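Per our numbering: the sequence shown = residues 2 to 162. Let me begin by presenting the structure, written as structure tokens, before commenting on it.
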Amino acid sequence: MVELGFITVEEEANMRIKQSVCCPVLKPEDMDLEDFFREVSRIGYAAVEIWYRGDDFEEFVELAHKNGLAVASMCGHSSLSDGLNKRSNHERIEEELRQSIDVAARHGIPGLICFSGNGQPYQSEIEAIKAVADGLSRIARYARGWGARGLSFSTISTTCR
Numbered sequence: 002m003v004e005l006g007f008i009t010v011e012e013e014a015n016m017r018i019k020q021s022v023c024c025p026v027l028k029p030e031d032m033d034l035e036d037f038f039r040e041v042s043r044i045g046y047a048a049v050e051i052w053y054r055g056d057d058f059e060e061f062v063e064l065a066h067k068n069g070l071a072v073a074s075m076c077g078h079s080s081l082s083d084g085l086n087k088r089s090n091h092e093r094i095e096e097e098l099r100q101s102i103d104v105a106a107r108h109g110i111p112g113l114i115c116f117s118g119n120g121q122p123y124q125s126e127i128e129a130i131k132a133v134a135d136g137l138s139r140i141a142r143y144a145r146g147w148g149a150r151g152l153s154f155s156t157i158s159t160t161c162r
């Protein structure tokens with residue numbers, strides 16, 4: 002066994018950094034999705050992410066898996082700027098998240114991306130954070146129902162102050 006500093010060659014081989022590439026953000030417009038996934042896999046990425054699910058979502062997942070890539074995450078609801086910090090959005094977002102949780106569970110996608118939304122002039126940052134937490138708590142029990150592996154929620158803040 003050859004030693005490389007503090008780890009063995011075998012340990013190093015198993016330590017592949019698990020990075021992902023976001024589609025369509027980083028996919029060149031002139032590149033076919035399958036070619037893109039093949040190249041992403043070839044250079045060592047472990048996964049891809051997708052922002053919004055379109056009609057081609059099933060094909061997206063199939064092509065990712067065909068090229069040895071996991072689908073790490075997807076957006077759980079619509080509207081980057083109009084998100085969970087507005088309590089008036091909670092009912093809509095809860096329904097969208099339920100649908101997304103079902104899709105994610107069916108396809109083994111461990112992460113859902115949620116959006117806090119743009120800052121509101123009537124709302125302090127603390128009030129916005131509380132509104133986001135309250136919005137996520139509405140869906141927590143449903144998300145927990147998917148078992149031990151669960152889903153991780155990543156909240157992207159678009160609040161600019």
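By construction, the Cβ of each residue, glycine as well, lies at the ideal position given by its N, Cα and C atoms. Please read all numbers here as calculations on a predicted model, not as lab measurements.
Check: Just confirm the distance between the C-beta atoms of Leu64 and Glu40, as a whole number of angstroms; I'd bet it's less than 8 Å.; Outcome: In fact, because the Cβ distance is near 12 Å, the residues do not count as touching under 8 Å.
Check: Between which two residues does the alpha helix (DSSP H) holding Leu85 run?; Outcome: Unbroken run through Leu85: none, as it is neither H nor E.
Check: In three-state DSSP terms, what is Ala146?; Outcome: Contrary to the premise, residue 146 reads as Gly rather than Ala in this sequence. Residue state, collapsed to three classes: coil.
Check: Quick one: does the C-beta of Phe38 sit closer than 7 Å to a heavy atom of the ligand ATP?; Outcome: You won't find the ligand ATP in this model; it holds no ligand whatsoever.
Check: Report buried or exposed for Glu50, applying the criterion of at least 16 other Cβ atoms within 10 angstroms of its Cβ.; Outcome: buried
Check: For Phe116, which of Ala71, Arg43, Phe61, Glu95 has the nearest alpha-carbon?; Outcome: Glu95
Check: Comparing alpha-carbon positions, which option in Val104, Ser79, Glu128 lies nearest Ala73?; Outcome: Val104
Check: Report the three-state DSSP secondary structure of Leu27 (helix, strand or coil).; Outcome: coil
Check: Just how far apart, CA to CA, sit Arg88 and Ala134?; Outcome: 11 Å
Check: Alpha carbon to alpha carbon, how far is Asn86 from Ser101? Give it in angstroms, no decimals.; Outcome: 19 Å
Check: Does DSSP put Ser21 in a helix, in a strand, or in coil?; Outcome: strand
Check: If we count the other Cβ atoms within 10 Å of its Cβ and call it buried at 16 or more, is Ile114 buried or exposed?; Outcome: buried
Check: What are the start and end residues of the beta strand (DSSP E) that includes Ala65?; Outcome: Counting along the chain, Ala65 falls outside any beta strand (DSSP E), though it belongs to the alpha helix (DSSP H) covering 58 to 67.
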